[in-house]
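These protein sequence lines map, in sequence, to chains A and B. Just so you know, we're using my numbering here: the first sequence kicks off at 1286 and counts up by one. Just so you know, we're using my numbering here: the second sequence kicks off at 1427 and counts up by one. No residue lacks a Cβ here, since even glycine has one placed at the ideal position from N, Cα and C. What you are looking at is a predicted structure, and each value in this text was computed from that prediction instead of being measured. Notes follow once the structure below has been shown.
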Amino acid sequence: MGQGVRAASVLSGWGRWPVVAGDELLSEDLTSLTRQANLTRGLGRSYGDASLPSRPSARVAGSRLADRVIAFDAETGVLQAEAGLTLRDINRTFLPRGWFVPVTPGTSFVTLGGAVASDVHGKNHHSAGTFGRHTRRMRIRTGAGDIVDASPAVEPDLFDATVGGMGLTGHVLDVEIALRRVPSTFIMGETEYVPDLDTLIGTLLEAGKTWPYTLAWMDGIGAGSRGRGVVYRGRWADAAEAGDRALTWPREIAVPMAAPYWALSPFGMRWFNELVLMRYGRRVQRSVMHPQSFFYPLDALLDWNKAYGRRGFTQYQCVLPHRAGLAVFRKLFQTIAARGGTPYVVVIKDFGAEGRGKLSFPCPGMTFSIDMPVVAGRTQAIVDAVNDIVAAEGGRVYLTKDAFTRAEHYRAMDARVDGFNDIRRRWDPEGRIRSALSVRLLGDAA
Amino acid sequence: MRRIVLVGGTKGIGRAVARQLAARGDRIALLGRDGTDLAASATDLGARAPAGALPPVTAILDLARTETFDAALDDAARQLGGLDTVVITAGAFGTQEALESDAAARERVLSINFTQTILLCEAARVRLLAAGGGTLCVLGSVAGDRARKPVVLYGATKAGLAYYMAGVDLRYRDAGLRAVLVKPGFVRTGMTAGLPEPPFAANPDDVAPAIVQAIDRGTRQIYVPAIWRLVMLVIRWLPGAVMRRVKF
Chain A
1286 MGQGVRAASV
1296 LSGWGRWPVV
1306 AGDELLSEDL
1316 TSLTRQANLT
1326 RGLGRSYGDA
1336 SLPSRPSARV
1346 AGSRLADRVI
1356 AFDAETGVLQ
1366 AEAGLTLRDI
1376 NRTFLPRGWF
1386 VPVTPGTSFV
1396 TLGGAVASDV
1406 HGKNHHSAGT
1416 FGRHTRRMRI
1426 RTGAGDIVDA
1436 SPAVEPDLFD
1446 ATVGGMGLTG
1456 HVLDVEIALR
1466 RVPSTFIMGE
1476 TEYVPDLDTL
1486 IGTLLEAGKT
1496 WPYTLAWMDG
1506 IGAGSRGRGV
1516 VYRGRWADAA
1526 EAGDRALTWP
1536 REIAVPMAAP
1546 YWALSPFGMR
1556 WFNELVLMRY
1566 GRRVQRSVMH
1576 PQSFFYPLDA
1586 LLDWNKAYGR
1596 RGFTQYQCVL
1606 PHRAGLAVFR
1616 KLFQTIAARG
1626 GTPYVVVIKD
1636 FGAEGRGKLS
1646 FPCPGMTFSI
1656 DMPVVAGRTQ
1666 AIVDAVNDIV
1676 AAEGGRVYLT
1686 KDAFTRAEHY
1696 RAMDARVDGF
1706 NDIRRRWDPE
1716 GRIRSALSVR
1726 LLGDAA
Chain B
1427 MRRIVLVGGT
1437 KGIGRAVARQ
1447 LAARGDRIAL
1457 LGRDGTDLAA
1467 SATDLGARAP
1477 AGALPPVTAI
1487 LDLARTETFD
1497 AALDDAARQL
1507 GGLDTVVITA
1517 GAFGTQEALE
1527 SDAAARERVL
1537 SINFTQTILL
1547 CEAARVRLLA
1557 AGGGTLCVLG
1567 SVAGDRARKP
1577 VVLYGATKAG
1587 LAYYMAGVDL
1597 RYRDAGLRAV
1607 LVKPGFVRTG
1617 MTAGLPEPPF
1627 AANPDDVAPA
1637 IVQAIDRGTR
1647 QIYVPAIWRL
1657 VMLVIRWLPG
1667 AVMRRVKF
């Protein structure tokens, strides 16, 4: 089993675009499996090409069968586990005992290795930072083949480059994180309707002063929307608020096939957005919520990416510094609309301080993530135009979501690339570890 | 609380079943040939067990070597302080093409899945009956339900195993031994990785609860996911002329 079993000859990320030829090798024994591998991927939930091989003959190790807990300290909540353990499994195992992942993205179908590689952020970025802030230690197989222990104290350069390093510094074999003690297993959540983008951002920033979890959803369709939307706020409920609610996990339903192209048409989505807004009404609504509905509303629908149809979709996510201001934020959406793009789902969140990851995405400012179906020709032009704005304003894009950004734009946005590549070369002199993304953006040879 | 011996509990469906059992506080002994692997899985199960549960134990057993069976089962029973359930999820697999071209792999699949598994069942049966009864659960396969082109050799071993389990049930149920045969359809594990995925493919976590329920109830035969019962009903009734033509 050390060599692993070939699992797929065609690979793609969550956006189902691009699709490339390549083999994914699977084994429970990730340490042996990574010996010959050029890249490790987890559940393939990054949207674009981050988990795809640089060329068809490259060897991609799949970590998902390596999902054992190595140690758990019930006093401190420190958890060490193999890189393929998912946040879903962690929450289902440890939330009933009063522990939750310290930081989570909008899906729990993420492996520990993937969470580190993307240095994921969540609704609590303004209060808790990224996943890397809670990562204490990793065991990494470097491109040179050695197995290295890395932490903020030991080999800090390798540690910091691996946090948010898109899997390009080595194969993460196991990870130690500090789980967060929670007072109950339920969330006290609030929603508030906001009529325009100005109010949305003001309400979001104000909420962040007192709430650990915040997020805004914006209706991006139609010139008339002006940026109306809903602001979400949440915190863990205390024992009295949670009452005698019992924690059970909702059933997950698989999306059986790719949706026809018209299902998520602009017309359909406009009505969907109207319904969402109607549901939230015009007043602040407060309720005790299941953590699944608060953190992972889409996880109950397995393979929901198929809803975007066969052509695939992209989620463009960028961060703009606060100083860019409302006019620039508006310009993003106007630019997309002017090029025939339809921002179906727009999620807005304020970021707190930058973390220690050498290539991590989050930095202080506002982040916008915009789901768009992939349309031949058009999508590339939209991303190019938006990237012009983001680069000019001192922002950057999230590589985990990205599939379309050009190397020139990326370099213009992120001066940290050279320093990151220097660290990579030290641990991988022959440049064995590469991905389709590193070829596209970081100057690697295919 | 059961006292369970798991053979093959470190990987695939066995790993998922072991986690379910551990999470509800059953006493577990993991048997296998790699001590390091067993220890790592025992730690994983221990972390998932309720506070205060006794940690899982391990014993070395090599399914390919009959002479290891008695000692391993006795060692496990001693560490558990008794034994009431034996679950065998270990097995060998190879595609028909691989088995036709590789004599060693062919012999391995035939011997592990049939002879060795049944010899281990026999060793377990004797001990369970001596203890006044218990549950013997073995993983078969839907491949044992009907001869099909891609699983000629593998299917034959699983069909033979199913006959054995049916016989054990007839002969010993009255004495208190409950024989449970689990027939998985396509489950995504290291064993099936790389095979073309049919409809109704499932993850180990999806099928584990039904297997645990079958162990608890002593169900004679169970398909997981349950839909495969229907699928195999249809396939069993297909005329030979049709089976000759189709690729599955």
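Compare the beta carbon distance of residue i and residue j with 7 angstroms and say whether it is the shorter of the two.
i	j	result
T1484/B	A1468/B	yes
Y1581/A	T1392/A	yes
L1500/A	A1539/A	no
L1372/A	S1348/A	no
R1520/A	M1473/A	yes
V1516/A	T1488/A	yes
Q1365/A	A1359/A	no
K1616/A	I1674/A	yes
G1616/B	L1328/A	no
S1336/A	R1326/A	yes
S1572/A	P1497/A	no
S1297/A	V1724/A	no
L1485/A	G1514/A	yes
K1643/A	D1445/A	yes
L1555/B	A1601/B	yes
L1605/A	G1680/A	yes
E1654/B	G1611/B	For clarity, residue 1654/B is Trp in the given sequence; the question names Glu instead. Yes, Cβ-Cβ distance for W1654/B and G1611/B is below 7 angstroms.
Q1542/B	V1578/B	no
A1444/B	L1432/B	yes
T1627/A	Y1565/A	no
A1524/B	R1534/B	no
V1613/B	A1628/B	yes
T1436/B	G1461/B	no
Identify, in the order they occur along the chain, each residue of the same chain with its Cβ nearer than 7 angstroms to the Cβ of residue i, setting aside the five sequence neighbours on each side.
i	result
T1690/A	V1668, N1672, V1682 and L1726
R1712/A	The amino acid at residue 1712/A is misidentified as Arg; the sequence shows Trp. Only T1427, G1428, A1429, L1443, T1454 and G1455 meet the Cβ criterion.
F1579/A	I1472, G1474 and G1519
F1394/A	L1328, R1330, T1371, R1373 and D1584
V1812/A	The question about residue 1812/A has no answer, for chain A in this structure spans 1286 to 1731.
So which of the options has the shortest CA-CA distance to residue i?
i	options	result
V1439/A	L1453/A, R1421/A and M1451/A	R1421/A
A1346/A	R1353/A, Y1332/A and G1369/A	G1369/A
R1657/B	E1533/B, P1624/B, I1637/B and D1631/B	The displayed chain sequence assigns Val, not Arg, to residue 1657/B. Of the candidates E1533/B, P1624/B, I1637/B and D1631/B, the one whose C-alpha sits nearest the C-alpha of V1657/B is P1624/B.
R1530/A	P1714/A, N1558/A, T1495/A and S1469/A	S1469/A
V1569/A	L1560/A, Y1601/A and A1492/A	A1492/A
R1330/A	H1694/A, A1524/A, I1621/A and F1598/A	F1598/A
A1402/A	N1323/A, V1457/A, E1477/A and G1662/A	V1457/A
T1515/B	T1561/B, N1629/B, L1447/B and R1441/B	R1441/B
M1698/A	D1656/A, I1718/A, P1647/A and M1657/A	P1647/A
I1621/A	A1730/A, S1436/A, I1506/A and A1524/A	I1506/A
H1607/A	L1490/A, M1574/A and Y1478/A	L1490/A
G1566/B	A1465/B, A1605/B, A1524/B and G1558/B	A1605/B
R1424/A	G1566/A, L1562/A and T1319/A	T1319/A
T1652/A	G1626/A, G1662/A, A1731/A and F1614/A	F1614/A
Can you check DSSP and say which residues form a bridge with residue i?
i	result
F1653/A	C1603/A and I1633/A
H1419/A	DSSP output for H1419/A lists no bridge partner at all.
W1534/A	For W1534/A, which the question treats as bridged, DSSP gives no partner whatsoever.
I1514/B	V1433/B and V1564/B
G1474/A	G1519/A and S1572/A
L1458/A	Note: L1458/A sits in no beta bridge, so no partner.
R1326/A	G1347/A
If you drop the 5 nearest sequence neighbours on each side, which residues of the same chain put their C-beta closer than 8 angstroms to that of residue i?
i	result
S1645/A	D1404, T1415, G1417, V1448, G1449 and E1639
Q1708/B	Since the displayed chain B opens at 1427 and closes at 1674, residue 1708/B lies outside it and no answer follows.
Output needed for residue i: all residues of its chain with C-beta closer than 6 angstroms, excluding positions within five of it in sequence on either side, in chain order.
i	result
R1572/B	I1661 and R1662
A1609/A	E1678
A1550/B	V1512 and L1562
A1256/A	Examination of residue 1256/A is not possible in this model, given that chain A is present from 1286 through 1731 alone.
Taking Cβ-Cβ distances below 9 angstroms as the criterion, which residues of the segment 1467–1497 of chain B are in contact with chain A?
So the close ones are S1467, T1469, D1470, L1471, G1472, A1473, R1474, P1476 and A1477.
What residues in the segment 1599–1620 of chain B have a beta carbon less than 7 angstroms from any beta carbon of chain A?
Per Cβ criterion, the list reads G1616, A1619 and G1620.
Of all the residues that make up the segment 1437–1448 of chain B, which are near chain A by a beta-carbon distance shorter than 9 angstroms?
Correct list: K1437, G1438, R1441 and R1445.
Short-range partners of chain B found in the segment 1305–1319 of chain A, where Cβ spacing is below 7 angstroms:
Hits within the stretch, in order: L1311, S1312 and E1313.
Could you name the residues of the segment 1356–1368 of chain A whose beta carbon sits closer than 9 angstroms to any beta carbon of chain B, in the order they occur along the chain?
Listed by position along the chain: A1356, F1357, A1359, L1364, A1366 and E1367.
Cβ-based contacts, 7 angstroms cut-off: residues of the segment 1343–1354 of chain A near chain B
Here the close residues are L1350, R1353 and V1354.
At a Cβ cut of 9 angstroms, what residues of the segment 1682–1695 of chain A count as close to chain B, listed as they run along the chain?
Going along the segment 1682–1695 of chain A in chain order, one finds no residue with a Cβ nearer than 9 angstroms to chain B.
Closer than 7 angstroms, Cβ to Cβ, to anything on chain B: give me those residues from the segment 1377–1389 of chain A, in chain order.
So the list reads T1378, given in the order they occur along the chain.
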